[in-house]
Amino acid sequence: MRQIVIGNWKMNGNLALVEAMAREVYARVASLACDLVLCPPATLIAPLAAALPGIALGGQDCHARPAGAHTGDIAAVMLREAGASHVILGHSERRADHGESDAAVCAKAVAARGAGLRPIVCVGEGEGARAEGRAEAVVLGQLAASLPDDFATDPAGIVAYEPVWAIGSGRTPTPDEIVAMHGAIRAALRARFGGAADAVPILYGGSVKPGNAGAVLTLPEVGGALVGGASLVAGDFLAIADAAPALGRAPGRG
Ligand code: PGA
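Residues 294 to 547, numbered by the working numbering, are exactly what the sequence shown covers, in order.
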């Protein structure tokens, strides 16, 4: 599987960034060994789709229902119509700011798949849980309850492991900690989905920068990166994408 590098713009960006990003990504995308997905605010999906045809785009959240009286929310089918093919779900900022439970994330993933979007489901422990040795239990608990039963069915969803304390902090887990968590996630996916589980990429997210991307992306069971802050600077985002190993080059990836 080619690695996937996803840019999560969060509540940042404007039409000027769309143009700058489109120019630089367009010039470089053919030489990359990985696939890119850009997840701008929903209002910028259609302009980005027009400026950068052929690049996969994603939303940052969707509602579990296809339509209705839900002021301020957006339906998966609306993201799809705007030009998205993916949607980030259960990001820790959504879980914290909007009280999203695992069950809510699971319902959104069902809606996303129903609308033809590939869900990117985020899981990750807080700092306290890691300090208390409960990181794996927390992450595997979130995973079990956030993924719908058809998650690994083609086209398989994507899991992003993002320790909450690493997001926007400049801190990352050690390589051993990332390998251990990704291995635990893979084992849990296999236990639930059997052989189909191997089609689910497991991305790492949390303070991925050009300076550490090579070290992270060559770890076993790391299938790419979910990038926040560094995805707002085209040069940094592309430098991270450049660090993705070509097929067959990464240790443990055959
Ligand atoms: P960061 O954010 O790269 O700025 O740490 C990652 C994320 O929240 O997806």
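For every residue, glycine included, the Cβ atom is placed at its ideal position computed from N, Cα and C. Values in this document were obtained by computation on a predicted structure and should not be read as measured data.
Query	Result
Whole-Å CB distance - residue 493 paired with residue 452, under 8 Å assumed	6 Å
Residue 439 beta carbon near the ligand PGA (any heavy atom closer than 7 Å)	no
Residue 332 and residue 300 closer than 8 Å at C-beta	yes
Residues near residue 458 in its chain [Cβ-Cβ closer than 6 Å; skip 5 each side]	420
Rounded distance between the beta-carbons of residue 407 and residue 393, thought under 8 Å	Wrong, their Cβ atoms sit about 18 Å apart, outside the cutoff.
Buried or exposed by the 16-neighbour rule on C-beta atoms within 10 Å, applied to residue 316	exposed
Residue 447, DSSP secondary structure in three states	coil
Pair within 8 Å by beta-carbon distance, residue 379 and residue 338	no
Given residue 357 as reference, the closest of 370, 466, 516 and 389 once Cα atoms are compared	370
First and last residue of the uninterrupted beta strand (DSSP E) at residue 328	328-332
Proximity of residue 437 and residue 489 at Cβ, strictly below 8 Å	no
Alpha carbon of residue 540 to alpha carbon of residue 347, nearest angstrom	21 Å
Among 512, 362, 397 and 355, nearest to residue 377 - alpha-carbon criterion	355
Any non-hydrogen atom of the ligand PGA closer than 7 Å to residue 351 Cβ	no
Proximity test, residue 301 beta-carbon vs the ligand PGA heavy atom, cut-off 7 Å	yes
Spatially closest choice to residue 503 from 524, 318 and 485, by CA coordinates	524
Beta-carbon proximity list for residue 375, same chain, < 6 Å, skipping 5 on both sides	338 and 339
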